[in-house]
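What follows is a single structure, written as C-alpha cells, with notes after it.
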Amino acid sequence: MNRKVFFQTALAGIGVICAVGCESKADDMTPDSDVLDLTIQLDDARYKDLVKQGFYVVVENRVVVAHVQPSQYVAVSPKCTHEGTTLAYNAASKTFVCSLDQSRYDLTGKVVNGPATKPLTVYSVANDEKSNSLRIKG
C-alpha cells in the first residue's frame, strides 16, 4: 500500500468515526433522575400511612416521604448511596436507614452512620391541608 492510499483510507475511517460520534441520539437522553415534581393525595389508599406521624411511604420508587412531625413531611431520594438498597424511615431516631449495610441519614440527607459517604437528595415538600395533598419538588 502506498502512502497516498494509506492516508485516504485512514482519513475516511476517521471521518466515519467522527460522523457517528456526532449523531444525535435523542432517545438516549433521559431526564435527570433527581428531578422530581409530583403531587400525592393523602386520602389515596397507597399513601394512607402518611396521615400518621412516624410513618413513611416509598412513592413510585422515586422518593421516600416520611411524616416526621405534625404537618411536617420530609422527602428524600429512596436509595442508599452506598449499595442502592431502598431506604426505610426510623421514627424513633428520625433517620432514614439502609437495611443492607445499616447506613443512616438524618432528615437533611446527611450521612450519620456509614459505610455510605454521599448524602441523600432532599426534596421540598409543600403540605396543602385544603386539598389534603403533598407536592414534592426538587
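The sequence shown lines up with residues 325 to 462 when you count with our numbering. Note that beta-carbon positions come from the ideal geometry of N, C-alpha and C, so glycine has one too.
Please report the straight-line C-alpha distance between residue i and residue j, rounded to a whole angstrom.
i	j	result
residue 409	residue 422	6 Å
residue 456	residue 405	31 Å
residue 508	residue 427	Since the first residue of the chain shown is 325 and the last is 462, residue 508 is not available in this structure.
residue 380	residue 397	9 Å
residue 366	residue 374	7 Å
residue 441	residue 399	19 Å
Is residue i helix, strand or coil by DSSP?
i	result
residue 412	strand
Give the single residue among the options whose Cα lies nearest to the Cα of residue i.
i	options	result
residue 451	438, 407, 402 and 395	395
residue 360	367, 384 and 417	384
residue 446	436, 387 and 440	387
Is it right to say residue i is buried, meaning 16 or more other beta carbons lie within 10 angstroms of its own, or is it exposed?
i	result
residue 403	buried
residue 419	buried
residue 448	exposed
residue 369	exposed
Any 3 or more C-beta pairs closer than 8 Å across the segment 384 to 396 and the segment 411 to 420: They touch, by the three-pair rule.
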